[in-house]
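Numbering (this note's numbering), first residue to last: 11 to 351. For each residue, glycine too, the CB sits at the ideal point set by N, CA and C. Note sheet for the following structure.
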Amino acid sequence: MSRVSSLIGLLILPSLNVAAQVIFPGAELLGRPTDHSVTINVVPNTAIEAYFEYGLTSGGPYLTYPSSGAATPLFTDANTPLVAVLNGLASNTRYFYRMVYRQSGAIPWATRPEHSFQTQRPAGSTFTFTITSDSHLNVGGLGNPLLFQQTMQNVAGENPDFHLDLGDTFPMDNVSTQALANNNYLTLPVLFTMLAGHFAFVFGADDAWLVFVAIAVLTALIRVFFNRWHAGRREWWIPAACVLAVVGLALWLQPEETVPATGGSVTFEQIAPVIAARCAPCHSGASPPLGVRLETREEIEARAEDIERQAVQTRAMPPGNATGITDEERRLIGAWIASSG
Ligand code: HEC
Numbered sequence: 011m012s013r014v015s016s017l018i019g020l021l022i023l024p025s026l027n028v029a030a031q032v033i034f035p036g037a038e039l040l041g042r043p044t045d046h047s048v049t050i051n052v053v054p055n056t057a058i059e060a061y062f063e064y065g066l067t068s069g070g071p072y073l074t075y076p077s078s079g080a081a082t083p084l085f086t087d088a089n090t091p092l093v094a095v096l097n098g099l100a101s102n103t104r105y106f107y108r109m110v111y112r113q114s115g116a117i118p119w120a121t122r123p124e125h126s127f128q129t130q131r132p133a134g135s136t137f138t139f140t141i142t143s144d145s146h147l148n149v150g151g152l153g154n155p156l157l158f159q160q161t162m163q164n165v166a167g168e169n170p171d172f173h174l175d176l177g178d179t180f181p182m183d184n185v186s187t188q189a190l191a192n193n194n195y196l197t198l199p200v201l202f203t204m205l206a207g208h209f210a211f212v213f214g215a216d217d218a219w220l221v222f223v224a225i226a227v228l229t230a231l232i233r234v235f236f237n238r239w240h241a242g243r244r245e246w247w248i249p250a251a252c253v254l255a256v257v258g259l260a261l262w263l264q265p266e267e268t269v270p271a272t273g274g275s276v277t278f279e280q281i282a283p284v285i286a287a288r289c290a291p292c293h294s295g296a297s298p299p300l301g302v303r304l305e306t307r308e309e310i311e312a313r314a315e316d317i318e319r320q321a322v323q324t325r326a327m328p329p330g331n332a333t334g335i336t337d338e339e340r341r342l343i344g345a346w347i348a349s350s351g
């Protein structure tokens, strides 16, 4: 090549090679594998046109998707996933594919590296898969990019048929639409609702629904705080207000002191019919709930503290007051426990 033409090459190449300016935050991501298709997902930082080449041997010959290839390529806007479903594939087959793309309006096409995937194997055959979860990569301070890189290298080393990620690798904090944002605020309230059944203080209170609403609001506020934190704002009044509200809630929900219903002491004979009517329907027989049987005097006396906690203080028992225990009867049980010391 003459000196002039190489000089021209130097001047012209960078301006022709605009496709190189497209930045992809990651490789193509394959999902939804079936025995005849796979879905390719890729996000460019600028609007592009693209098509895919795929075939049975590395390096070609290739078919294209869409079948007309460069003539009618796919299109996507900046920062918007390009989604392509390679269809009509043979099952139990390894395919090689690569992406061909250019910035919208640019001339030359650029080719990304070739990768491969395996379509679904026949039922009953062995296969390899890998699982990751909660890498929290760009949630401030939580993720560890080096560790994640090592994890991905281990995954690649297994050469899995497919990989499951259980969540939070593409973090919920980087949301871009209102619907996503709403889900984000609902994360903790929903989590809380799923767990609430295990905590008597939530559903045992007189105004259980109010406790629930209060906690739902508080958990959503925590997300507001972290969302703003990730946006660079430190709004300490939010956690401060939450702490005050939780203290208030705890004071409101604290178990009442049990006041003896009668002046004198309450005997076992007085509470026995209450337990028999309100508790024994469930807590009897060969396999009572959590092994708590309340039929004989010994069984009841041995459980006095548990009974006080469940039926008098938190009112968690009977569940949903299935047997219609009255406040008077709860007080009676409390007084019996107090008088038996
Ligand atoms: C409708 C059925 C039903 C009735 C009536 C009922 N319980 Fe229960 N009880 C349960 C079930 C179910 C569990 C297990 C709850 C769980 O797994 O969290 C339980 C658990 C308990 C426990 C163990 C709680 C723990 O976490 O260790 C105690 C103590 C108890 N009940 C006491 C009572 C008393 C006292 C009464 C009567 C005032 C009563 N229960 C009435 C169904 C009942």
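**Rounded C-alpha distance that separates phenylalanine 236 from serine 294** = 48 Å
**Bridge partners - leucine 220, DSSP secondary structure assignment** = Looking at the DSSP output, leucine 220 shares a beta bridge with no other residue.
**Message:** Given this structure, state the Cα-to-Cα distance separating aspartate 87 from isoleucine 58, to the nearest angstrom.
**Reply:** 7 Å
**Prompt:** What distance in whole Å lies between the Cβ atoms of valine 48 and leucine 40, which are believed to be in contact at a cut-off of 8 Å?
**Reply:** 5 Å
**Request:** For isoleucine 33, count neighbouring Cβ atoms within 10 angstroms of its own Cβ and tell me buried if that reaches 16, exposed if not.
**Result:** exposed
**Request:** Would you check if the distance between the CB atom of arginine 108 and the CB atom of proline 123 is smaller than 9 Å?
**Result:** yes
**Prompt:** Would the beta-carbon of leucine 342 be found less than 8 Å away from any heavy atom of the ligand HEC?
**Reply:** no
**Prompt:** Excluding the five sequence neighbours on either side, which residues of its own chain have a C-beta within less than 6 Å of the C-beta of leucine 304, listed in chain order?
**Reply:** Excluding sequence neighbours, leucine 304 sits near Ile285, Cys289, Ala290, His293 and Ile310.
**Message:** My output table needs one value for methionine 327: the three-state DSSP class, helix, strand or coil.
**Reply:** coil
**Asked** Using the C-alpha atoms, what's the distance from asparagine 154 back to glycine 146?
**Response** Reading off the sequence shown, one finds histidine at residue 146, where the question assumed glycine. Taking the straight line from one Cα to the other gives about 8 Å.
**Request:** Could you please give the first and the last residue of the uninterrupted beta strand (DSSP E) stretch that includes leucine 73?
**Result:** 73-75
**Request:** With DSSP collapsed to three states, give me the class of isoleucine 317.
**Result:** helix
**Message:** Taking 8 Å as the cut-off, is the C-beta of isoleucine 317 nearer than that to any heavy atom in the ligand HEC?
**Reply:** yes
**Prompt:** In the structure shown, what three-state DSSP assignment does asparagine 237 receive?
**Reply:** helix
**Prompt:** Would a C-beta distance cut-off of 9 Å place threonine 103 and valine 110 closer than the cut-off?
**Reply:** no
**Closest residue to serine 143 among Ala166, Leu176, Glu168 and Gly167 (Cα-Cα distance)** = Leu176
**Message:** Am I right that tyrosine 105 and serine 126 are in contact with their C-beta atoms under 8 Å? What's the rounded C-beta distance?
**Reply:** 6 Å
**Item:** Contact test: threonine 333 Cβ vs the ligand HEC heavy atom, cutoff 8 Å
**Value:** Because some heavy atom of the ligand HEC lies under 8 Å away, the Cβ of threonine 333 counts as near it: yes.
**Request:** Would you kindly work out how many angstroms separate the C-alpha atoms of alanine 321 and valine 302, rounded to a whole number?
**Result:** 13 Å
**Item:** Same chain only: Cβ atoms within 7 Å of alanine 271, ignoring 5 sequence neighbours per side
**Value:** Low confidence applies here, because alanine 271 scores a pLDDT of 49, under 50, leaving its location unreliable and the question unanswered by this model.
**Request:** Go ahead and pull the three-state DSSP assignment for valine 122.
**Result:** For clarity, residue 122 is arginine in the given sequence; the question names valine instead. Three-state DSSP puts arginine 122 in coil, outside helix and strand.
**Prompt:** In three-state DSSP terms, what is leucine 301?
**Reply:** As written in the sequence, residue 301 is glycine, which differs from the leucine given in the question. Of the three classes helix, strand and coil, the one that applies to glycine 301 here is helix, per DSSP.
**Item:** Host alpha helix (DSSP H) of glycine 41 (start-end)
**Value:** Note, glycine 41: premise wrong, no alpha helix (DSSP H); beta strand (DSSP E) at 39-41.
**Request:** Check the DSSP bridge columns for methionine 109 and list the partner residues they point to.
**Result:** Phe62
**Prompt:** Can you tell me whether DSSP reads phenylalanine 127 as helix, strand or coil?
**Reply:** strand
**Item:** Inter-residue Cα distance where the pair is tryptophan 239 and leucine 254
**Value:** Each residue's alpha carbon lies about 20 Å from the other.
**Request:** Name the residue from Gln31, Ala287, Thr161 and Thr129 whose alpha carbon lies nearest to the alpha carbon of threonine 44.
**Result:** Thr129
**Proximity to leucine 261 [Cα-Cα], best of Val221, Ser77, Ile50 and Arg319** = Val221
**Message:** Taking the alpha-carbon of threonine 74 as reference, which of Leu99, Thr56 and Pro54 has the nearest alpha-carbon?
**Reply:** Across the set Leu99, Thr56 and Pro54, the C-alpha of Leu99 shows the shortest separation from the C-alpha of threonine 74.
**Prompt:** Would phenylalanine 62 pass as a contact of alanine 94 if the rule is Cβ separation under 9 Å?
**Reply:** yes
**Request:** With phenylalanine 172 as the anchor, note down where its beta strand (DSSP E) starts and where it stops.
**Result:** Looking at the DSSP string, the run of the beta strand (DSSP E) that includes phenylalanine 172 is 172-175.
**Request:** For arginine 244, count neighbouring C-beta atoms within 10 Å of its own C-beta (all shown protein chains included) and say buried if the count is 16 or more, exposed if not.
**Result:** exposed
**Asked** For the beta strand (DSSP E) that contains threonine 86, what are its first and last residues?
**Response** Per DSSP, threonine 86 belongs to the beta strand (DSSP E) from 84-86.
**Asked** Can you name the start and end residues of the beta strand (DSSP E) that threonine 359 belongs to?
**Response** Not covered by the structure: residue 359. The range shown for the chain is 11 to 351.
**Prompt:** Taking the alpha carbon of valine 53 as the point to measure from, which residue in Val257, Leu84, Cys252 and Ala80 has its own alpha carbon closest?
**Reply:** Leu84
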